[in-house]
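Q:
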């Protein structure tokens with residue numbers, strides 16, 4: 001499972017969403033998006049790093065998502 005942590009109005013989050021959607025779609029991996037402004041704990045933990053990508057609950061990357069690195073982490 002891939003989780004994208006971001007917030008509205010974040011252009012890097014928009015870029016990350018495109019990469020995550022494309023890579024997960026190619027590999028058939030489920031993904032979800034969480035808005036850190038709606039979760040105090042996530043906001044406190046990640047507000048300086050968004051967008052953040054978690055793979056199976058572990059932080060994979062932040063700010064910019066490299067499609068090749070994400071594919072590799074997902075076994076693709």
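Residue numbers (our numbering): 1 to 76.
Note that beta-carbon positions come from the ideal geometry of N, C-alpha and C, so glycine has one too.
Just so you know, these numbers come straight off a predicted model, no measurement behind them.
1. Is the Cβ-Cβ distance between residue 5 and residue 16 less than 7 angstroms?
2. Quick one, which of 48, 67, 13, 74 has its alpha-carbon nearest residue 56's?
3. Grab the span of the alpha helix (DSSP H) containing residue 72 for me, first residue to last.
4. Leaving aside the five residues before and after residue 43 along the sequence, list all residues of the same chain whose C-beta is less than 7 angstroms from its C-beta, in chain order.
5. Looking only at DSSP bridge pairs, what is residue 34 linked to?
A: In brief:
1. no
2. 74
3. 67-73
4. 36, 37
5. 5
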